[in-house]
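If you read the sequence shown in the numbering used here, its first letter stands for residue 2, the second for the next number, and so on.
For glycine and all other residues, C-beta sits at the position ideal for the given N, C-alpha and C.
In this text the structure is predicted, and so the values were computed from the model without any measurement.
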Amino acid sequence: MSYVAAVCGKGAEVNQVKEQLLQSNPVLEAFGNAKTVRNDNSSRFGKYMDIEFDFKGDPLGGVISNYLLEKSRVVKQPRGERNFHVFYQLLSGASEELLNKLKLERDFSRYNYLSLDSAKVNGVDDASNFRTVRNAMQIVGFMDHEAESVLEVVAAVLKLGNIEFKPESRVNGLDESKIKDKNELKEICELTGIDQSVLERAFSFRTVEAKQEKVSTTLNVAQAYYARDALAKNLYSRLFSWLVNRINESIKAQTKVRKKVMGVLDIYGFEIFEDNSFEQFIINYCNEKLQQIFIELTLKEEQEEYIREDIEWTHIDYFNNAIICDLIENNTNGILAMLDEECLRPGTVTDETFLEKLNQICATHQHFESRMSKCSRFLNDTSLPHSCFRIQHYAGKVLYQVEGFVDKNNDLLYRDLSQAMWKAGHALIKSLFPEGNPAKINLKRPPTAGSQFKASVATLMKNLQTKNPNYIRCIKPNDKKAAHIFNEALVCHQIRYLGLLENVRVRRAGYAFRQAYEPCLERYKMLCKQTWPHWKGPARAGVEVLFNELEIPVEEYSFGRSKIFIRNPRTLFKLEDLRKQRLEDLATLIQKIYRGWKCRTHFLLMRKSQIVIAAWYRRYAQQKRYQQIKSSALVIQSYIRGWKARKILRELKHQKRCEEAATTIAAYWHGTQARRELKRLKEEARRKHAVAVIWAYWLGLKVRREYRKFFRANAGKKIYEFTIQRIVQKYFLEMKNKMPSLSPIDKNWPSRPYLFLDSTHKELKRIFHLWRCKKYRDQFTDQQKLIYEEKLEASELFKDKKALYPSSVGQPFQGAYLEINKNPKYKKLKDAIEEKIIIAEVVNKINRANGKSTSRIFLLTNNNLLLADQKSGQIKSEVPLVDVTKVSMSSQNDGFFAIHLREGSEAASKGDFLFSSDHLIEMATKLYRTTLSQTKQKLNIEISDEFLVQFRQDKVCVKFIQGNQKNGSVPTCKRKNNRLLEVAVP
């Protein structure tokens, strides 16, 4: 994996995919590897990984398949070995706060499922590895709550081992079990969210269902311990399968382009321990199948190809392990078939009955041995223990302890425990036990562990047959797990049973290179004059002519039916060297011909260009001479026309001066006459005015003499009223000149000149303000009144909440930004909509898969919300307003907003919508007012920098962060993983 990551290309997306593929290993090793007596980091599960590449060789993603996790190790480990790494890493590396939350203690001795003799491993830092695993889970794409849920399940498995039972006798004489200390049970229930009484009953009783009947029986102490261990094993193994599926979700290829696939198989090797049980039997069966593939694809297939091509060949014998595979997997008499038959048989079934059945059916098989099997002399083999059987594998004889075979193959989990797990408040645990749902009870017996693994191995073999295999054989130098020690006997034994000696003999006796006649002739035909450039006969005849021409020794090659076989690589190297030299000669010839053609073409082009240039020059010279003659003629013509024009001008000027002289004399005479008449009229008017003035003064004098005798009695009151009147008149005249503007927001008002006018001054100010407000309102049309109502609504919704709101205050709400009625491009869209369009705007719809944007036409009518393609005008989505439940947006200065749809509605099949618009405030306000008008319910407007949206079946977190943008001040959206979408806002 590290080599693949090192040789692949670079780039942000490629590096992210490589990092996720690499970091999946620490997670799977923590949960699937353990220390054994021969390996401190032994894989206790099989892993096959398909890595997908694009046409450039850059990784796109991958898919992981797991095989047979050794889940019995969860509850019991052999001496000198440890449980899975994650238990020790959690207790060593977790913080005190996390341990308290998980109700754990750091002391290994507190937990019965952890072996103490090998708890510490030299050179292994469990605390550091725990931090590595947490970091790897974050890189792969695990959310924080998912990682916490996984650790809670691991803690629950640890604490299950501390539950102990005590026997009790009932009145009817039956034995039952009770939990000794319920404190551990209480903590497990708090971790998993299970009712304590439900889990306690599941450990004490077992319910058996047959058709319409239910029978509940008590569990004795042994059965209770079996139920506890079965629950712990199933809980851990299902958690491991969930981890593999969750990693596959993150590392799978996101694009649907054509891919190339490289499969990597990392599976447990052949195991021979002091005590070998069902797990070693299954592991060694898998290695037998892999050895069979190796034999068929190397030794058998290559020798068969020589025979098929009529190549003279001496057959090399090798051991074919098909007989051992048939002993194990035969559908009628195979060991796995008999184990399944024994597990399904009614009555008392034990490991001893299974061994007896093996002795009856497999006793005469040459690769099976037991105490009761018959040798060639029909004598019992007393060298074997009674409860064991031995199989002669390709790698040697392995002695298997039959104890536990039936129970491990059954792998039964009582239905009461499954139903209790399904009732858990812990979402992850509930999803791990779907069969616990009472509505989905299946009375069919689940498949055995052996049959499941057999089917998985068959699928793996079928997959491997479709690939071009490359083998990496690992040779163990010693059994002490130490460096610089080489055990020759051990290495020779491994080379012998892996079939490497036979493979080397086949390769040395065979041919190093083979190729079909057609491609061979096509590649080397330029080395012979008879085959170059085209050979018209059969391809084999052409190859014969070619090799004879090159004088290659006959013993260096052989002709098959459809292929040419070359024995030594040096012959092939010689052909390649000759081909390389010939290609250089051909390249020189091509260069020579090309240079001649290029020079000739250049000469012809220069000659043609010279003719064209000469023609253009002659044309230019004639045009220039013509222009000179033309310009000379124009100059002469202009001089003649000028002389004639000046002559006519002189004549016209003389005639005009004569006419102006007569007009001037007449004007002076008329002026003299007018002035004389004006002087006479003024003198007459002056006399009349003097008479009128004298008469007016006389009348005034008479009136004043008459009025004096009446005025003296009320003089003071008259003067006061006159003064007040003049002051008020002056006040109003000054107010007229000092009146403020007619703007309703103008608060200026002239100061009060006199104290007694204070109330009048205030009343005038009030009346004037009401009057100018009325005048301002009278200017509004009905449409402007609606716009100001929408502005007021926007202020109540977004003021001091959304950073984008202040910039939208000065912008009028237009609604119809696209002229759909006038643009013939949208005629089809206009005809499809019968309702009034409230908003017509182009928005950017965010793609749910990768975070990229696509332009869409956003239409809001009285009852529906529509999305149409910008280019074609075709309606893509139609959402009734009653299905819109909420609008979410950030508090920052961006235009992103999400429209949440009602779950279960037809419009919500693909999930919620995420848009980006330049008129976010207007669109949200109009959507709020329209929804309120139609549904009589207020639309929920959520303003938060982090919210959840529903994309199909997944909930994706949209998170707004501050960041420097490469494209200026435009926010960018990027899909980080399947659960997170980041929007970078400048």
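Taking residue i as the reference, give the member of the options with the closest Cα.
i       : options                           : result
Leu117  : Phe143, Met138, Pro79 and Ala128  : Pro79
Glu275  : Glu343, Gln402, Pro347 and Glu489 : Gln402
Ala203  : Asn184, Glu188 and Ile180         : Ile180
Val883  : Gln871, Lys872, Asn863 and Phe566 : Asn863
Asp1057 : Phe914, Leu414, Ile329 and Tyr286 : This structure cannot speak to residue 1057, because the chain is shown only from 2 to 987.
Leu573  : Gly538, Gln516 and Arg626         : Gln516
Ala425  : Asn246, Leu200 and Glu306         : Leu200
Ile325  : Asp341, Asn288 and Phe355         : Asn288
Asn824  : Asn26, Ser873 and Ser918          : Ser873
Asn894  : Arg132, Tyr558, Leu805 and Glu436 : Leu805
Thr588  : Met527, Asn851 and Leu830         : Correcting the residue type first, residue 588 is Ala in the shown sequence and not Thr. For the residues Met527, Asn851 and Leu830, the minimum Cα distance to Ala588 belongs to Met527.
Gln367  : Gln393, Phe295, Leu385 and Val158 : Gln393
Phe241  : Asn67, Lys11, Met138 and Asn101   : Asn67
Leu337  : Asp182, Lys564, His603 and Thr449 : Thr449
Tyr49   : Arg580, Ser25, Asp41 and Ile430   : Ser25
Leu359  : Leu115, Cys974, Asp127 and Ser371 : Ser371
Ile284  : Ile962, Ser43, Ser96 and Glu177   : Ser43
Ile189  : Val158, Ser170, Val262 and Phe166 : Val158
Tell me, which residues are paired with residue i by DSSP?
i      : result
Met263 : Ile52
Gln963 : Val986
His901 : Lys887
Cys958 : Leu949 and Leu981
Gln402 : Cys389
Lys530 : In DSSP, Lys530 forms no bridge with anything.
Cys974 : Val984
Val87  : Val87 pairs with nothing; no bridge assigned.
Glu177 : Glu169
Asn998 : In the structure as shown, the chain starts at 2 and stops at 987, and residue 998 therefore has no counterpart that could be examined.
Gly397 : His394
Val64  : Asp51
I need the boundaries of the alpha helix (DSSP H) containing residue i, first residue and last residue.
i      : result
Ala421 : Arg416 to Trp423
Arg773 : Asp759 to Asp779
Glu69  : For clarity, residue 69 is Leu in the given sequence; the question names Glu instead. First-last for Leu69: undefined, no H or E at that position.
Lys477 : From DSSP, Lys477 is part of no alpha helix (DSSP H); its letter is neither H nor E.
Asp59  : No alpha helix (DSSP H) contains Asp59, which DSSP labels as neither H nor E.
Lys290 : Phe279 to Phe295
Ile324 : Ala323 to Glu330
Gln255 : Premise fails: Gln255 is in no alpha helix (DSSP H) and is neither H nor E.
Glu97  : Glu97 to Leu103
Phe487 : Where Phe487 is concerned, there is no enclosing alpha helix (DSSP H), given that its DSSP letter is neither H nor E.
I'd like the span of the beta strand (DSSP E) that includes residue i, first residue to last.
i      : result
Leu391 : Checking the sequence shown, residue 391 turns out to be Arg, not Leu. Cys389 to His394 is the extent of the beta strand (DSSP E) around Arg391.
Leu915 : Phe914 to Ser917
Gln361 : Unbroken run through Gln361 is the alpha helix (DSSP H), Asp352 to Cys363; no beta strand (DSSP E).
Gln516 : Phe514 to Ala517
Val880 : Ile876 to Pro881
Ser371 : Phe369 to Ser371
Phe434 : Where Phe434 is concerned, there is no enclosing beta strand (DSSP E), given that its DSSP letter is neither H nor E.
Glu943 : Asn941 to Ile944
Just checking my contact of residue i with residue j at CB under 8 Å: how many whole Å lie between their CB atoms?
i      : j      : result
Ile252 : Leu22  : 6 Å
Asp801 : Ser891 : Between Ser891 and Asp801 the Cβ distance is about 15 Å, and since that is not below 8 Å, they are no contact.
Gly816 : Lys927 : 7 Å
Lys846 : Phe781 : That belief does not hold up - the Cβ atoms of Lys846 and Phe781 are roughly 36 Å apart, past 8 Å.
Arg562 : Asp311 : 6 Å
Gln293 : Asn332 : At roughly 17 Å, the Cβ-Cβ gap does not stay under 8 Å, so Gln293 and Asn332 are not in contact.
Phe952 : Arg849 : 4 Å
Val122 : Asp41  : 6 Å
Val984 : Val950 : Not really, about 12 Å apart at Cβ, beyond 8 Å.
Val407 : Asp341 : Not quite, the Cβ-Cβ distance comes to about 10 Å (not below 8 Å), so this is no contact.
Leu551 : Trp536 : That belief does not hold up - the Cβ atoms of Leu551 and Trp536 are roughly 15 Å apart, past 8 Å.
Complete beta strand (DSSP E) runs within the stretch 609 to 648 (minimum length 3 residues, chain order): At a cut-off of 3 residues, not a single continuous stretch assigned as beta strand (DSSP E) sits fully inside the stretch 609 to 648.
Length-filtered (4 minimum) alpha helix (DSSP H) runs lying within the stretch 187 to 221: Runs of the alpha helix (DSSP H) inside the stretch 187 to 221: 197 to 205.
4-residue-minimum alpha helix (DSSP H) runs that sit fully inside the stretch 117 to 164, ordered along the chain: Restricted to the stretch 117 to 164, the alpha helix (DSSP H) segments that are unbroken, complete and at least 4 residues in length are 127 to 141 and 145 to 161, listed in chain order.
Contained beta strand (DSSP E) runs [length at least 3] in the stretch 807 to 874, N- to C-terminal order: Listed in chain order, they are 838 to 847, 854 to 862 and 865 to 870.
Segments of 3+ residues assigned as beta strand (DSSP E) that fall wholly inside the stretch 530 to 592: Complete beta strand (DSSP E) runs here, min 3: 558 to 560 and 564 to 567.
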